[in-house]
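Our numbering runs 178 ahead of the 1-based position in the sequence shown. Remarks on the structure that follows.
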Amino acid sequence: MFESLGRIQNPFVRSLTAAFTTLSVITLTSAIAIGVTKSKDESAYKTAVYASFIGAGCGALFGFASKSKGNQRTAQPTQTTDSTIWKDWRNFVVVRKVKESEEITSFYLQPEDKGDIPNFQPGQFLTIKLDIPGQARSVIRTYSLSDYPEPCDYYRLSIKREPMPPGLDVMPGIASNFMHDQVHEGSVIPAKPPSGKFILDVQKAIPAVLISNGVGITPMMSMAKAVARLNPNRPLWFLHGARDGSFDAFREEVDAIAAQNPNLTVHYAYSRPRGEDTGYYHSTGYVDIDLIQSLIIQEAEYFLCGSPPFLESIRAGLKEVGVPESRVFFEMFTKASKTASDRPIAEVNDDNVEAAEIVFAQSNQTITWQTDADSILDFAETNGLNPPYSCRQGICGTCECKILEGEVEYQTMPTATVEDGSVLICISKPKTSKVVLDL
């Protein structure tokens, strides 16, 4: 009965139903009792009447309280629980593929096992694994999550097709071209759980400014949608630069969000607009510090994502106009490269070991460290090992490895979340004379 009562949505109907039900039960019970005892005492009848009305009142209160409690349950936001987080790789099916612009295509992923998936923080990314014909090993890449569904029943990756210049062991365009050309609806892609520290705290009240160019728009989409849905009173700016309308992905989505949220201000800057773009952009040129200053006069938090030159320019400009570094957050979209990163350098001890012994436990190899190696990952590859990696900058966490003995030293500050007892070998060198790794 109580389960049926819980399905009634209107609180007053629920209260009346509970009241009449209780009244009927007590009245019937009293009548049976009086009939059985054949009582002719007037007080017994009065007691039955009073009990019936008191029971009806209690039933009404119970019904209303049950509704309020039900409301509290449905009002709770989706939470990430241990039961929805998986370890290592999990297969996802591409359920939808959408071309967003001349360069960017979106892939909607749902778990092959039909199970629940955890929500994520706006700005995080997904790590995927691709088995590409002609490649000696799986290609691992990280892509920003570009949507913020509620409830979270799919992940969306929006991937830019990159050119394929030669020069690296895994050419920078091979994954994106494979995704565009060979991955279709029904394809299965292994993925790791959402990760990343480039996130926006939705509940803050301070204005937020989202600044991007090119495919850097992808994490901004999840940020904008999350703020619009969960904290619509927060002032939000969305500044994006593109070549022209054909390269401006998600414009209709962003405009739809802005139409429903008066606290969201949108500005598109096209560097080479076409005639048919008239009315769809706000300025000609690039997103730069002069444009930012002309639009934003309040103190705010700044979130930047895009190409390295773009980020360098914006960060330098914000610093010049007095924006504290503590209010500037950024993510750089770069290709996997063995060259040094321009990310913040860790405080490295100058007394680096010169004759360290590196033990790769799984491979049963012990090799003397070479001081000219850029990192333990580079050293491992030079000596014939093939550890997994993606960004080579301590961002994605793909190269995370258990350290069984010794210590390492980071050359740049990692942004990936690293479990206790593990290290990122793409940005580390040995700190002690012996390092044992689970590789």
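Ideal Cβ positions, reconstructed from N, Cα and C, are used throughout, including at glycine.
- Distance from the CA of H418 to the CA of L304, rounded to the nearest whole angstrom, comes to 23 angstroms.
- Taking the CA atoms as reference points, G495 sits about 14 angstroms from R505.
- Residue burial is scored here from C-beta neighbours: K370 has at least 16 other C-beta atoms within 10 angstroms and is therefore classed as buried.
- Residue range Y333 to K338 is occupied by the beta strand (DSSP E) that includes K338.
- The alpha-carbon of S568 is positioned some 21 angstroms away from that of Q540.
- In chain order, V387 and W415 place their CB closer than 7 angstroms to the CB of I474, counting only its own chain and leaving out the 5 sequence neighbours on each side.
- E430 places its beta carbon 9 angstroms or farther from that of R339.
- According to the DSSP assignment, E363 belongs to no alpha helix (DSSP H), since it is labelled neither H nor E.
- As the crow flies, the alpha-carbon of G423 is around 28 angstroms from that of A478.
- Counting every other CB atom within 10 Å of its CB across the protein chains shown gives S322 a total of 16 or more, marking it as buried.
- Closest in alpha carbon position to C330, among L602, A406 and N297, is N297.
- R319 has I306 as its beta-bridge partners, per DSSP.
- In the three-state reduction of the DSSP assignment, T544 falls in the strand class, which pools E and B.
- Taking the C-beta atoms as reference points, Q548 is found no nearer than 9 angstroms to F538.
- Secondary structure in the stretch 587–611: the beta strand (DSSP E) runs of 3 residues or longer, each lying completely within the stretch, are 600–602 and 606–608 in chain order.
- Counting along the chain, V537 sits inside the beta strand (DSSP E) bounded by residues E535 to F538.
- Closest in alpha carbon position to P486, among N391, A551, M399 and Y333, is N391.
- Residue state for Q476 is assigned as coil, using DSSP reduced to three classes.
- A residue is called buried when at least 16 other Cβ atoms come within 10 angstroms of its Cβ; E278 meets this threshold and is buried.
- Of the candidates V613, G584, I573 and V272, the residue whose Cα lies closest to the Cα of F376 is I573.
- In the three-state DSSP reduction, A369 falls in the strand class (E or B).
- V465 sits in coil when the DSSP states are folded into three classes, being neither helix nor strand.
- Bounds of the beta strand (DSSP E) holding F270 are R268 to K277.
- Around K612, the same chain offers E535 and G584 as residues with beta carbons nearer than 6 angstroms, after the five sequence neighbours per side are excluded.
- DSSP places I435 inside the alpha helix (DSSP H), whose first and last residues are R429 to Q438.
- The three-state reading of DSSP puts L489 in helix, counting H, G and I together.
- Inclusion of D616 and C577 in the CB contact set at 9 angstroms is not warranted, their separation being larger than that value.
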